[in-house]
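Peer 1: I'd like to ask some things about the structure below.
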Amino acid sequence: MTDLARDRRTSRPGRAVVWVQVAFLIAYLMGSFVVLILAAVRADDLGAILHPGLERLGDPKDSLPGVGPDSLVNPLVWIFGGCRLIAWLIYPIGIAMLLLGAATLAHTWRSGDRRTSLQLAVLTVIWLILIALAATPYGNGLLRWLLD
């Protein structure tokens, strides 16, 4: 049994990059699609999820969850503000996550940590898909709506 425990290799840099990619992925999804869905529900126009814009959804700031006072001491204001900032910066953050994941994937694969390698591969592909989605007219419309 101890031989199996010793045989198992783990890559600390790989696991750290997995956590960073997951954290930025959750923040991006909260800052873009959660805000979009909340705006569509608030406007009672679920079709606007496929065509986001000011004329159908209004200002995206109005769709942020307003639990508690809207002041700088409310942690939700900071959390959703940071998530919106990550959604605004999808191109540089997405490319950084893609490059970081690809570089760490090679190191993790060579070190023999297959589980972390698989997680890195899946997350890197997800970031590639998100960058490609952001480059489409839909992603461009979503980004323009979020920036207003």
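Counted the way the numbering used here counts, the sequence shown spans residues 4 to 151.
Beta carbons are placed, not taken as given, at the ideal position from N, Cα and C, and that holds for glycine.
A quick note: this is a predicted structure, and the numbers were derived from the prediction, not measured.
(1) Would the C-beta of residue 126 count as close to the ligand NAD, meaning under 8 Å from any of its heavy atoms?
(2) Take the Cβ of residue 141 as the centre, count every other Cβ of all protein chains shown within 10 Å, and call the residue buried at 16 or more, exposed below.
(3) Could you spell out the range, first to last residue, of the alpha helix (DSSP H) harbouring residue 38?
(4) Is the separation between the beta-carbon of residue 137 and that of residue 97 shorter than 9 Å?
(5) Let's see if you can read the secondary structure: which residues bound the alpha helix (DSSP H) around residue 54?
(6) The alpha helix (DSSP H) with residue 144 in it runs from where to where?
(7) Between residue 57 and residue 151, which are expected to be in contact by the criterion C-beta below 8 Å, what is the C-beta distance as a whole number of angstroms?
(8) Identify whether residue 87 lies in helix, strand or coil by the three-state DSSP scheme.
(9) Give the secondary structure of residue 132 by DSSP, where H, G and I count as helix, E and B as strand, and everything else as coil.
(10) In whole angstroms, give me the CA-to-CA distance for residue 135 and residue 113.
(11) To the nearest angstrom, how far is it from the Cα of residue 34 to the Cα of residue 63?
Peer 2: Based on what the coordinates show:
(1) Absent from the structure shown: the ligand NAD. Ligands present: none.
(2) As a working note, residue 141 is residue 138 in the sequence shown. Residue 141 should be labelled exposed.
(3) As a position in the sequence shown, residue 38 is number 35, starting the count at 1. 38-46 is the extent of the alpha helix (DSSP H) around residue 38.
(4) As a working note, residue 137 is residue 134 in the sequence shown. As a working note, residue 97 is residue 94 in the sequence shown. Yes. Within cutoff.
(5) Position 51 of the sequence shown holds residue 54. Counting along the chain, residue 54 falls outside any alpha helix (DSSP H), and DSSP gives it neither H nor E.
(6) Numbered from 1 along the sequence shown, position 141 holds the residue referred to as residue 144. Here the alpha helix (DSSP H) through residue 144 covers 140-150.
(7) As a working note, residue 57 is residue 54 in the sequence shown. As a working note, residue 151 is residue 148 in the sequence shown. Right, the Cβ-Cβ distance comes to about 6 Å (below 8 Å), so this counts as a contact.
(8) Position 84 of the sequence shown, counted from the start, is the residue given in the question as residue 87. Here residue 87 sits in helix by DSSP.
(9) Within the sequence shown, residue 132 is the residue found at index 129, counting from 1. It is helical.
(10) Taking the sequence shown and counting its residues from 1, one reaches residue 135 at position 132. Taking the sequence shown and counting its residues from 1, one reaches residue 113 at position 110. Computed Cα separation, rounded: 28 Å.
(11) If you number the sequence shown from 1, residue 34 lands on position 31. If you number the sequence shown from 1, residue 63 lands on position 60. Roughly 10 Å separates the two Cα atoms.
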